Amino acid sequence: MPYQLLIFEDNSRLRQSLEILLNDDVIFQVVGSFANCDNAVKELEKNNAQLVVMDIDMPGIGGVEGVKQIKNNFPETKIVMHTVFDDDNRIFDSICAGADGYLLKNTSPVQLIQSLQDVMQGGAPMSPFVAKKVFQYFRKKPARINESYNLSEREKEVLELLVQGNSYKMIAAKCNLANDTIKKHLHNIYTKLHVSSGTEAVAKALQGNITQKPEKEEQKIKSKPAAGNNRIALPTKTAIEYEETKIFCM
2 MPYQLLIFED NSRLRQSLEI LLNDDVIFQV VGSFANCDNA VKELEKNNAQ LVVMDIDMPG
62 IGGVEGVKQI KNNFPETKIV MHTVFDDDNR IFDSICAGAD GYLLKNTSPV QLIQSLQDVM
122 QGGAPMSPFV AKKVFQYFRK KPARINESYN LSEREKEVLE LLVQGNSYKM IAAKCNLAND
182 TIKKHLHNIY TKLHVSSGTE AVAKALQGNI TQKPEKEEQK IKSKPAAGNN RIALPTKTAI
242 EYEETKIFCM
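Right under this line is the structure:
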């Protein structure tokens, strides 16, 4: 069964292009798209969507407030911000509100689809520039805790790769583990950290200085492709049309 998905985007042309792009992928089914979040909770009640793609700056109820309302009523629903804004305030307001990922609108169609798949499997997708900002923000703050939360060495490794902005599948490849194994590690990490999303895990890891100095350049790990789903989304005609619309709308 495909993941049921809602889109909240005030630019009608981009909203329609997103809907076409995501419906073109067998993994997703767009069950509604809207120009603002005024009726977000009602739409979730009606459609029972598992995933939301959310713009930030919209008329009426905007994206950050929309995230809060959705998470208060449907805490298990995954929400990925999809926006042009890369400033600290909007990034951290979104994360604190409960967003599970933060992608800039210059994200390619292939990476967008991969990131949405990733978040549904426990990942916390962020555009590289956003991940860097999150890292820099928390590294400026003094660590308040220096405890391991009884994480195993493998769990610390997975968490550190998550902090560095790696996607779910990238973590699997770098650890040379199957996707299902990484999913289990992430589940254990969330349980031990008492969090419910990848973004919360990243924030807690950096605040608590749990991981191993991620400011150092990551060592390149030569590994075999991880077992599991290695499907690669190709730049279809729909994806190309989405790119053209995205450039026009930004």
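The opening residue of the sequence shown carries number 2 in our numbering; numbering runs sequentially from there.
Even for Gly, the Cβ is constructed at its ideal location relative to N, Cα and C.
Bear in mind that the values here come from a model prediction, so they are computed numbers and not experimental data.
- Closest in C-alpha terms to Asp11, from the list Gln5, Leu19, Tyr4, comes Leu19.
- DSSP places Leu6 in the uninterrupted beta strand (DSSP E) bounded by 4 to 9.
- In the structure shown, Lys43 falls within a helical segment according to DSSP collapsed to helix, strand and coil.
- DSSP places Thr78 in the coil class of the three-state scheme, outside both helix and strand.
- Rounded to the nearest whole angstrom, the CA to CA distance from Met59 to Leu117 is 21 Å.
- Within the same chain, and ignoring the five residues on either side of Val54 in sequence, the residues whose Cβ sits closer than 6 Å to its Cβ are Ile8, Val81, His83.
- Following the DSSP letters along the chain, one finds Phe35 inside the beta strand (DSSP E) bounded by residues 29 to 35.
- Non-local beta-carbon contacts of Arg91 in its own chain, meaning distances under 6 Å to residues more than five positions away in sequence, involve Ile57 in chain order.
- The C-beta of Lys47 has fewer than 16 other C-beta atoms within 10 Å across all chains shown, which makes the residue exposed.
- Shortest Cα-Cα distance from Asp101 to any of Leu15, Ser34, Ser128 involves Ser128.
- Rounded to the nearest angstrom, the gap between the Cα atoms of Val42 and Gln112 is 28 Å.
- For Leu22, the three-state secondary structure derived from DSSP is helix.
- For Tyr103, there is no enclosing alpha helix (DSSP H); the residue is part of the beta strand (DSSP E) that begins and ends at 102 to 105.
- Under the three-state reduction of DSSP output, Leu187 falls in the helix class.
- Counting along the chain, Leu52 sits inside the beta strand (DSSP E) bounded by residues 52 to 55.
- The DSSP-derived three-state label of Met121 is helix.
- For Met127, the beta-bridge partners assigned by DSSP are Tyr103.
- For Leu162, the closest C-alpha among the options Ile183, Asn151, Tyr150 is that of Ile183.
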